[in-house]
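The structure under discussion appears below in the form of structure tokens.
There are 2 protein chains.
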Amino acid sequence: MDRSLSRRDFIGLIGRYGGAAGAYATMTAMGLLPVPLAYAGPPALPAGTGEDVKIAILGAGIAGMAAAYELRQAGYGCTLLEARSRPGGRCWSLRRGDVVEETDSRQEVAWDGGDHMYFNPGPARIPHHHQGILGYCRALGVGVEIMMNDNRAGFFHDDAAFGGKPVRARAVVNDARGFVAELAAKAIDKAALSKPVSLEDKERLREFLRAFGALGDTLAYRGSPRAGYRAAPGAGTESGTLNEPLDLRQLLRSDFWQNKMSFGEAYDQAATMLQPIGGMGRIAEAFGNALGDAIHYGAEVTQIRNSSRGAAVVWKDRKSGAEQRMDADYVICTVPFSVLRGIDADFSPEVAAAIQAVDYAAAVKLAFQCDRRFWELDHQIYGGISWTTREVTQIWYPSAGLHQQKGILVGAYIWDSPIGQFFGAKTPEERIAAATASGERLHPGYGDDVTRGISVAWSKIPFSGGGWAEWTAEARRRHYPVLLKPDGAVYFAGEHVSYLTGWQEGAVRSAHCAIAAIAERVRLKRA
Amino acid sequence: MDRSLSRRDFIGLIGRYGGAAGAYATMTAMGLLPVPLAYAGPPALPAGTGEDVKIAILGAGIAGMAAAYELRQAGYGCTLLEARSRPGGRCWSLRRGDVVEETDSRQEVAWDGGDHMYFNPGPARIPHHHQGILGYCRALGVGVEIMMNDNRAGFFHDDAAFGGKPVRARAVVNDARGFVAELAAKAIDKAALSKPVSLEDKERLREFLRAFGALGDTLAYRGSPRAGYRAAPGAGTESGTLNEPLDLRQLLRSDFWQNKMSFGEAYDQAATMLQPIGGMGRIAEAFGNALGDAIHYGAEVTQIRNSSRGAAVVWKDRKSGAEQRMDADYVICTVPFSVLRGIDADFSPEVAAAIQAVDYAAAVKLAFQCDRRFWELDHQIYGGISWTTREVTQIWYPSAGLHQQKGILVGAYIWDSPIGQFFGAKTPEERIAAATASGERLHPGYGDDVTRGISVAWSKIPFSGGGWAEWTAEARRRHYPVLLKPDGAVYFAGEHVSYLTGWQEGAVRSAHCAIAAIAERVRLKRA
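Quick note, the sequences are listed as chains A and B, same order.
Residue numbers 14 to 540, in the numbering used here, belong to the letters of the first sequence in order.
Residue numbers 14 to 540, in the numbering used here, belong to the letters of the second sequence in order.
Right, dumping it as structure tokens:
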């Protein structure tokens, strides 16, 4: 018996007796809409099945554009209403001549031109397993390249540790490994193993720890090439002199090991990380080109109503100020809740509560043009990140344009909301001054190398109102499931309607869930 | 008092009383020729100082070409004698139409063309701190890009562990971290710390271990997102289901942790690793173009003699068979000792003994064309390496041409000499069959995806005779210092005359040592 067929029959049954929304909820509960184990591509929507069905998509960000891209192939009529004059939303690359408008400031990008002279103020990396967004890179012909995320030549800096001097990641990471392995070896000797272990396994465990931590013969850690050299090996008599291991007590008292030292092992941060060649915005631009005039730019949604046909959306043309109304069979609303909260809508009380329940990260990024790639020339840093306890939090070194003369350096990436609020409250000029001073602690002479800073405080960017959704565990439990069901004819998508918040993959996958549900509803309606 | 001036005076004194060779040995012993702490660029040879000095350079590999490149700028007359018909030696990229000749076989590369359709049978990665070779990439206009070396999506495979099933690196690496951290936490409880530690520090140490190993509340390791998901998080109801942690006993009994699990932390393997865009051979080609007809191709050196002028080199034109003699003031001999052992020379007994004392790795590499980048499409692997206990040892996934349709996959990289000898003894066809069968264990269906294998067994490559020099500790102590002094007019350079054997950086840095010594000798002679 064909199991999928039987499932389909069951869902059909639910559809007949419980209505389309019931079928959607059942499918979701059964885990049939989401792809169960690994992503297997966008939902298969048979050609022509969407004919005469009109969909209004609110927002031409990644979620909205991915939805439209798929739906149009099945014959659905899609209109995307986008308040901005460009596609992509937070998927955005800033280049020479671009403009950043915050609620209270305006910056124009005055950098030199060049393929590598860009800044991704929003998403800037794609994990290798985010095959939804990577699939669109393939489909749209957007080339990808390796993005170096976790670089052992990067620095950790804590004003309160190691005399405020930056320490190379390779020393922090590998001295920590050595100390931990040495400590673990002591547990073997003290018979602290929870399970009885054979002598042979004990010996193997010792060898394992030695390999893990680069321990010496006595299972003590005394430093290792992994942690770097004071004088590196070369030719002639340069046999190399190891660094002294870091002082463990100082390391413990530093801030290095709290979500920093091991960040490159995180599931969504570990190698290989990727980036579109030429900037993340290439994805948005390619989607925008593919969708052409299906996107209405400058269209600010002001009202959403369920209606007898499906739903009605009122929007304002931002140039002319004229209001227009659009009727659709279904709506896919990808507007961030930070913005949707301010739009007049007749959502159910449950949906309205969900929309209120999500916080948005007050993320800030800032980038400089550098006429000299000092991080490569002076510090042998090619891509990756340095960390500091100062408010700029991170400095990102570009993975593109290696060995070119100039480059764009990310001088701040702040995602902690209180710090981001504080930093974002500054004027663009004040942010530049603060970022320059902080960078000086990591790279003496920094102030002479960085110019023409551009910053984006997402909480002050119209139509975004924040970096990404942050669900508390409680809000996730109470409110998230509500969003997996349509509110009448309105479906929700966007990174906030996923378990991959803050990632474009969340936007793509939530869009796929929404269109699969709409397609099933249309099928049942027609059956 | 200016310390460097005083040193120079001292060396001048040695030079006057002990001769140039004495000055060279003194400078070497004082660590003055090598750059002391960090590489500061090639030695500064004042313009014109080399006029009327003729240098014969044996071998147009990286060492010989780096030496000639610098010397020519100071006015030295350089002739490079290169037995092959191309520059670069082991620095080599194979592309469509290229030919591999071993002592007993001939292969022609029948791959499709394309910028990314190359194979580096020799060196294939450059650590970020190898600023000697990277400096030449800058100087010669050879673009570099990131080479992904250590990829958490790669596989470990051991026929004798985990049922012979490949395991993702992220699980191996991070479950190991978790187990080690848990064990270390037990040592705190058992008061196994060697030094008395404050309660506050103990608590900090617990938090540190929790962060290090992704431990749970009770400091036990129960798996973590770092180790990957059975069902990854997505949208809809896909909240993600973690992998079960690997069985520690099986992990201990596997081969994964012996130089594999931690290889990405090695000083010369850790991120960021780089590669020339278009293949390592681009460096060789750019050097070759810069040196033009200073390189005599097809010139096989048959005799090296010290002479009244300096030295005399006899070489055979491999096309015409004619023997020619060349007189020079100095010789820089970069011929690998595996080959130099077979050349008639009047070296001192000490040098002759050193030349005999070095083993060469019987390294083998093999690559396939794949018409479908199955590693990206089916396994989300972008660059990096998978490991197997089978003789092919490693599979390398290309860091270039991501998302292109086709690619070149390295199906074997063997550096262990006994295995390399065994594998290299096979015919090219037998190697392909063996590599295909092994790859099948890592990637089911491999045999259908790999075609047109090309292999290079370095021990059977004329004028190389091995992959790289391997110094035993004893040979390093007894024989290496001999090579830091000239044998009459003959200086030695090449990766084998460095502490960076197997790396192009060793070739560059040894060349710099040799030319600095020659320049100093010329200066003293003229003073």
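All residues carry an ideal CB built from backbone N, CA and C; glycine is no exception.
At least 8 Å separates the beta-carbon of residue 339(B) from that of residue 160(B). Per DSSP, residue 129(A) lies in no beta strand (DSSP E) and is assigned neither H nor E. In the DSSP assignment, residue 144(A) falls within the unbroken alpha helix (DSSP H) covering 144-153. Here residue 425(A) is bridged, per DSSP, to 379(A). Under the Cβ criterion of 8 Å, residue 431(A) is not counted among the residues facing chain B.
Of the candidates 419(A), 418(A), 269(A), 342(A), the residue whose Cα lies closest to the Cα of residue 220(B) is 269(A).
Taking 8 Å as the cut-off, the Cβ atoms of residue 67(A) and residue 500(A) do not count as close. The three-state secondary structure of residue 265(B), taken from DSSP, is helix.
Residue pairing by DSSP places residue 169(B) opposite 180(B), 400(B) in a beta bridge. Here DSSP, grouped into helix, strand and coil, assigns residue 140(A) to strand. Assignment of beta strand (DSSP E) within the stretch 459-487 of chain A, counting only whole runs of 3 or more residues, yields 463-470 in chain order. Burial state of residue 302(B) is exposed, judged by a 10 Å Cβ sphere holding fewer than 16 other Cβ atoms. Exposure of residue 440(B) is indicated by the presence of fewer than 16 other C-beta atoms within 10 angstroms of its C-beta. Measuring C-alpha to C-alpha distances from residue 427(B) to each of 348(B), 405(B), 295(B) identifies 405(B) as the nearest. A contact is defined here as three or more CB-CB pairs under 8 Å, and the stretch 103-119 of chain B meets this definition with respect to the stretch 461-481 of chain B.
Per the Cβ contact rule, the stretch 302-313 of chain B is not in contact with the stretch 344-353 of chain B (fewer than 3 Cβ pairs under 8 Å). The C-alpha of residue 91(A) is placed about 27 Å away from the C-alpha of residue 479(A). Shortest Cα-Cα distance from residue 54(B) to any of 148(B), 418(B), 379(B) involves 148(B). Contact between the stretch 438-452 of chain B and the stretch 178-188 of chain A is absent: fewer than three C-beta pairs spanning the two stretches fall below 8 Å. Distances from the alpha-carbon of residue 190(B) to those of 227(B), 408(B), 171(B) put 227(B) closest. Taking a C-beta cut-off of 7 Å against chain A, the contacting residues of the stretch 147-160 of chain B are 150, 151, 156, 157, 158, 159, listed in chain order. Only residues of its own chain outside the window of five on either side were considered, and among them 381, 383 have a CB closer than 6 Å to the CB of residue 422(B), listed in chain order. For residue 93(B), the three-state secondary structure derived from DSSP is strand. Between residue 80(B) and residue 367(B), the C-beta gap is not smaller than 8 Å, which leaves the two residues out of contact. For residue 326(B), the uninterrupted beta strand (DSSP E) segment begins and ends at 324-330. When secondary structure is reduced to three states using DSSP, residue 517(A) falls in the helix class. The continuous beta strand (DSSP E) containing residue 505(B) extends over residues 503-505.
By the criterion of a C-beta distance shorter than 6 Å, residue 488(B) is surrounded in its chain by 370, once the five residues flanking it on both sides are discounted.
Distances from the alpha-carbon of residue 486(B) to those of 166(B), 512(B), 502(B), 464(B) put 512(B) closest. Listed in chain order, the positions of the stretch 525-538 of chain A with a beta carbon within less than 8 Å of a beta carbon of chain B are 525, 526.
Cβ neighbours of residue 402(B) within its own chain (closer than 6 Å, five residues either side excluded): 171, 172, 268. Of all residues in the stretch 225-251 of chain A, only 225, 226, 227, 233, 237, 238, 239, 240, 241, 242, 243, 244, 245, 246, 247, 248, 249, 250, 251 come within less than 9 Å of chain B when Cβ atoms are compared, listed by chain position. Rounded to the nearest angstrom, the gap between the Cα atoms of residue 331(A) and residue 72(A) is 14 Å. By the C-beta criterion, the stretch 287-299 of chain A is judged not to be in contact with the stretch 312-320 of chain A, since fewer than 3 inter-stretch pairs fall below 8 Å.
For the set 83(A), 70(A), 65(A), 77(A), the Cα lying nearest the Cα of residue 59(A) is the one of 83(A). Under DSSP, residue 289(B) forms a beta bridge with 157(B).
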